[in-house]
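A.B. asks: Would you mind keeping the following structure in view while I ask a few things?
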Amino acid sequence: MAASFLFVMLIMPLILVAKEALSKGVDFYFAALTDEFALKALYLTIEATILAVALNTIFGLASAWLLTKFDFCGKTFLGSLIDLPFAISPVVAGLFFIMLFGRMSPLYPLLQEYNLAIVFAVPGIILATVFVTFPFITRELVPVMESQGRSEEEAAATMGANGWTIFRRVTLPNIKWALGYGIVLCSARALGEFGAVSVVSGHIRGKTNTLPLHIEILYNEYNFTAAFAVASVLVLLAIIILILRNLIENAGKASLQVSNLKAGVAND
Amino acid sequence: MFGKSDVIPGRRLTLGITLTFVSLFLFIPLAAFMLYASGMGFEKFFAAVTDWRNVHAYGVSFFCALTAGIINALFGLIIAWVLVRYDFRGKKIMDALIDLPFALPTAVAGIALTTLYAQNGLLGKIFYGIGIETVFSPIGITIALTFVGIPFVARSVQPVLKELDPQLEEAANLFGAGNWTIFSKIIFPELIEPLLTGFALAFARGIGEYGSVVFIAGNMPYETEIAPLMIMTKLEQFDYQSAAAIAIVMMCLSLAILLVIHGWQARQLKRIGGVVGA
Numbered sequence: 002m003a004a005s006f007l008f009v010m011l012i013m014p015l016i017l018v019a020k021e022a023l024s025k026g027v028d029f030y031f032a033a034l035t036d037e038f039a040l041k042a043l044y045l046t047i048e049a050t051i052l053a054v055a056l057n058t059i060f061g062l063a064s065a066w067l068l069t070k071f072d073f074c075g076k077t078f079l080g081s082l083i084d085l086p087f088a089i090s091p092v093v094a095g096l097f098f099i100m101l102f103g104r105m106s107p108l109y110p111l112l113q114e115y116n117l118a119i120v121f122a123v124p125g126i127i128l129a130t131v132f133v134t135f136p137f138i139t140r141e142l143v144p145v146m147e148s149q150g151r152s153e154e155e156a157a158a159t160m161g162a163n164g165w166t167i168f169r170r171v172t173l174p175n176i177k178w179a180l181g182y183g184i185v186l187c188s189a190r191a192l193g194e195f196g197a198v199s200v201v202s203g204h205i206r207g208k209t210n211t212l213p214l215h216i217e218i219l220y221n222e223y224n225f226t227a228a229f230a231v232a233s234v235l236v237l238l239a240i241i242i243l244i245l246r247n248l249i250e251n252a253g254k255a256s257l258q259v260s261n262l263k264a265g266v267a268n269d
Numbered sequence: 358m359f360g361k362s363d364v365i366p367g368r369r370l371t372l373g374i375t376l377t378f379v380s381l382f383l384f385i386p387l388a389a390f391m392l393y394a395s396g397m398g399f400e401k402f403f404a405a406v407t408d409w410r411n412v413h414a415y416g417v418s419f420f421c422a423l424t425a426g427i428i429n430a431l432f433g434l435i436i437a438w439v440l441v442r443y444d445f446r447g448k449k450i451m452d453a454l455i456d457l458p459f460a461l462p463t464a465v466a467g468i469a470l471t472t473l474y475a476q477n478g479l480l481g482k483i484f485y486g487i488g489i490e491t492v493f494s495p496i497g498i499t500i501a502l503t504f505v506g507i508p509f510v511a512r513s514v515q516p517v518l519k520e521l522d523p524q525l526e527e528a529a530n531l532f533g534a535g536n537w538t539i540f541s542k543i544i545f546p547e548l549i550e551p552l553l554t555g556f557a558l559a560f561a562r563g564i565g566e567y568g569s570v571v572f573i574a575g576n577m578p579y580e581t582e583i584a585p586l587m588i589m590t591k592l593e594q595f596d597y598q599s600a601a602a603i604a605i606v607m608m609c610l611s612l613a614i615l616l617v618i619h620g621w622q623a624r625q626l627k628r629i630g631g632v633v634g635a
């Protein structure tokens, strides 16, 4: 029963994408992929994903360090604030940025003066992508760093190591798999984000269209085969992400077992 | 908050980075939204919130997300059970596949499901054959939301089920408890909490979901319009005030779901704690 549910819900859509994408032959398939607008959309998607992941990695590491290595008042509040984007619809998140930078915003005259376009332009897409992926890396890091405790870092600090050395030599080896896992999840979401990006993008072809938005346009123009051809690229990326996720999870488990083993030996 | 001597360095630096990011990406956008919404005036807000077409859209979002959440609670439990308790070929692939809805862009899922369940689609043929309209109907929306929510329940139940002590079940078996009794009296109570957490996450996600739904819904006024779509429609008409009003209703809705589940969990924990204490 579980298998048939998963087959109908998960595998059939994947097979369908492949079938529809190739329904007009291989030539048409590659023509749809190498279309000027499809390529531009691909570049923009990659650009937004890389920037969002980079920003969220910095934020994830800093916030996880803050939340697990120090005590301060408002810690729980900060933790739930970081989780907020999970409770907010991506469309509403996009709306936030329209309100902040759009025509009704108090900032608008200032932006006009310096000729800065944020919404309906690339920066808006990046901001919206960062918003929806905000909690991912922090959420993966905090439980791992919490369970590692502070003693190793404290020992290193007492022996005179500076912050960067402690992070690189003591903390990072312990959290690298969790960090990798968070980055994979964050990339997956950033690649496929639709609702939030759709609100702030303005759908300018060749300029502010990401790959998922390009699929929507093709589909709405009844250009189904091309839509599925572009979709197949994203399916491929999704499968790569799933494989990476599993590899990281297995590697993480193995390294955990090794470190437990070491700890066991040390205790003996 | 400041001026305490820590052994581990980096308090100021990480606090600075964290607060900068939280302000730039969360707080300022949220504040801009609140500022705009508060300048709207109560009458305009009330009119937008209670507009019948919008009310209908909240209803569609709410009930379709609720149904999808219930379907996922049921199947998520079964999937987690199968993955934890049985060994079979392809188990690893099945385990990995569950996360597909997280990895697959929602727009791709949307067009694939629409084509699959359309009247001449592979699965649509079967459903239309027995008189069920799967596309451009609330059923279609529920299908899309079920797809999106599959990982939530399975992934929150799985680890708890794995940690369950098999000795309890063996003991119950020795005392002559049947399979059903063991499940309902010993296993299920342990799973209520992760089951509810997963359900709440899937439910909240379903209410906000847009990408996978727009294609299959057909977006007919008073029939298959969902709340996020109404925001998009208002934005296209440059009616920012109504868009903000609908957004506030949606935020209250997801917040209420999370709070109810949190409250329920806290009560459960207290009850369990009480029993253990006695």
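As they're listed, the protein sequences go chains A and B.
According to this note's numbering, the first sequence holds residues 2 to 269 in order.
According to this note's numbering, the second sequence holds residues 358 to 635 in order.
Think of the CB as a built atom: it goes at the ideal place given N, C-alpha and C, for glycine as much as any other residue.
Just so you know, these numbers come straight off a predicted model, no measurement behind them.
Any beta carbon of chain A sitting closer than 8 Å to that of L592 (chain B)?
C.D. replies: By this cut-off, L592 (chain B) is an interface position.
A.B. asks: Could you tell me which of B:S380, B:G433, B:V439, B:A561 sits nearest to F419 (chain B), measuring between CA atoms?
C.D. replies: That would be B:A561, whose Cα lies nearest to the Cα of F419 (chain B).
A.B. asks: Assuming E21 (chain A) and T226 (chain A) form a contact by the criterion Cβ under 8 Å, report the distance between their Cβ atoms to the nearest whole angstrom.
C.D. replies: Yes, they are in contact, since the Cβ atoms of E21 (chain A) and T226 (chain A) sit about 6 Å apart, within 8 Å.
A.B. asks: Report the residues of the segment 459-473 of chain B with a CB closer than 9 Å to any CB of chain A, ordered along the chain.
C.D. replies: Cβ contacts with chain A: F459, A460, L461, P462, T463, A464, V465, A466, G467, I468, A469, L470, T471, T472, L473.
A.B. asks: State the CB to CB distance for the pair V510 (chain B) and N411 (chain B), rounded to an integer number of angstroms; the pair is presumed to be in contact (CB under 8 Å).
C.D. replies: Contact doesn't hold; Cβ gap of about 30 Å is too wide.
A.B. asks: Please look up how many angstroms separate the CB atoms of M2 (chain A) and I435 (chain B), rounded, as I've assumed it's under 8 Å.
C.D. replies: The pair is a contact, with the Cβ atoms about 6 Å apart (cut-off 8 Å).
A.B. asks: Between the segment 39-56 of chain A and the segment 127-147 of chain A, can you find at least three pairs of beta-carbon atoms closer than 8 Å?
C.D. replies: Yes, they touch.
A.B. asks: Using a beta-carbon distance cut-off of less than 7 Å, what residues from the segment 230-252 of chain A approach chain B?
C.D. replies: Per Cβ criterion, the list reads A232, L235, V236, A239, I242, L243, R246, N247.
A.B. asks: Do you know offhand how far L521 (chain B)'s Cα is from I544 (chain B)'s?
C.D. replies: Approximately 8 Å between the Cα atoms of the pair.
A.B. asks: Applying the 10 Å Cβ sphere with the 16-neighbour rule, what's the burial state of Q598 (chain B)?
C.D. replies: Answer is buried; the Cβ neighbour count reaches 16.
A.B. asks: The alpha helix (DSSP H) with P68 (chain A) in it runs from where to where?
C.D. replies: The sequence shown places Leu at residue 68 (chain A), rather than the Pro named in the question. From DSSP, the alpha helix (DSSP H) with L68 (chain A) extends over 37-70.
A.B. asks: Going by Cα to Cα distance, which pick from A:A39, A:E147, A:K25 is closest to I218 (chain A)?
C.D. replies: Among A:A39, A:E147, A:K25, the Cα nearest to that of I218 (chain A) belongs to A:A39.
A.B. asks: So which residues on chain A does Y415 (chain B) lean against when the C-beta distance must stay under 9 Å?
C.D. replies: Within chain A, no residue comes near Y415 (chain B); the closest Cβ sits about 12 Å away, beyond 9 Å.
A.B. asks: Which whole-angstrom value describes the C-beta separation of L502 (chain B) and C421 (chain B), a residue pair presumed to lie in contact below a C-beta threshold of 8 Å?
C.D. replies: The Cβ separation is near 6 Å, so the contact holds.
A.B. asks: May I ask you to list, following chain order, the residues of the segment 46-78 of chain A that have a beta carbon less than 9 Å from some beta carbon of chain B?
C.D. replies: Against chain B - using a Cβ distance shorter than 9 Å - the residues of the segment 46-78 of chain A are L56, N57, I59, F60, L62, A63, S64, A65, W66, L67, L68, K70, F71, D72, F73, C74, G75.
A.B. asks: Which residues in chain A sit within 7 Å of D456 (chain B), going by Cβ to Cβ distance?
C.D. replies: In chain order: L243, R246.
A.B. asks: Output the boundary residues of the alpha helix (DSSP H) element that contains G181 (chain A).
C.D. replies: It spans 173-193 - the alpha helix (DSSP H) in which G181 (chain A) sits, taken as one unbroken run.
A.B. asks: Quick check: is the beta carbon of G568 (chain B) nearer than 8 Å to any beta carbon in chain A?
C.D. replies: By this cut-off, G568 (chain B) is an interface position.
A.B. asks: Name the residues in the segment 598-617 of chain B whose C-beta lies less than 8 Å from a C-beta of chain A; which are they?
C.D. replies: Result list: A600, A601, A604, M607, M608, S611, L612, L615.
A.B. asks: Please state if the CB of N210 (chain A) and the CB of S202 (chain A) are separated by a distance shorter than 8 Å.
C.D. replies: Contact flag set, yes.
A.B. asks: Does the CB of L383 (chain B) have a neighbour CB from chain A at under 8 Å?
C.D. replies: By this cut-off, L383 (chain B) is an interface position.
A.B. asks: Could you spell out where the alpha helix (DSSP H) holding M13 (chain A) opens and where it closes?
C.D. replies: Run containing M13 (chain A): 13-22, per the alpha helix (DSSP H) assignment.
A.B. asks: Would DSSP call M2 (chain A) helix, strand or coil?
C.D. replies: Coil at M2 (chain A), not helix or strand.
A.B. asks: Output yes or no for whether 8 Å exceeds the beta carbon distance between A191 (chain A) and A42 (chain A).
C.D. replies: Contact flag unset, no.
A.B. asks: Identify the contact partners of I507 (chain B) in chain A, using a Cβ-Cβ distance below 9 Å as the criterion.
C.D. replies: Correct list: F6, L7, M10, L11.
A.B. asks: Hey, A475 (chain B) and P14 (chain A): beta-carbon distance below 8 Å or not?
C.D. replies: Contact: no.
A.B. asks: Check for me: the alpha helix (DSSP H) holding N411 (chain B) runs from which residue to which?
C.D. replies: Segment 409-442, the alpha helix (DSSP H) holding N411 (chain B).
A.B. asks: Could one say the Cβ of R442 (chain B) lies closer than 8 Å to chain A's Cβ atoms, at least one of them?
C.D. replies: Chain A contact via Cβ: absent.
A.B. asks: Give the secondary structure of M589 (chain B) by DSSP, where H, G and I count as helix, E and B as strand, and everything else as coil.
C.D. replies: Helix at M589 (chain B).
A.B. asks: Determine the direct distance from the alpha carbon of A162 (chain A) to that of M424 (chain B), and round the result to whole angstroms.
C.D. replies: Inspection of the sequence shows that residue 424 (chain B) is occupied by Thr rather than by Met. Using only the alpha carbons, I get a separation of about 55 Å.
A.B. asks: Roughly how many angstroms lie between the CA atoms of T463 (chain B) and A559 (chain B), to the nearest whole one?
C.D. replies: T463 (chain B) and A559 (chain B): Cα-Cα distance of roughly 15 Å.
A.B. asks: Could you name the residues of chain A that A453 (chain B) contacts, counting a contact when the two beta carbons are closer than 8 Å?
C.D. replies: Those are L243, I244, R246, N247, listed as they occur along chain A.
A.B. asks: Let me know if V505 (chain B) comes out buried or exposed under the rule of 16 or more other beta-carbons within 10 Å of its beta-carbon.
C.D. replies: Looking at its Cβ environment, which holds 16 or more other Cβ atoms inside 10 Å, V505 (chain B) is buried.
A.B. asks: DSSP on V285 (chain A), reduced to helix/strand/coil?
C.D. replies: The requested residue 285 (chain A) does not occur in the structure, where chain A is confined to residues 2 to 269.
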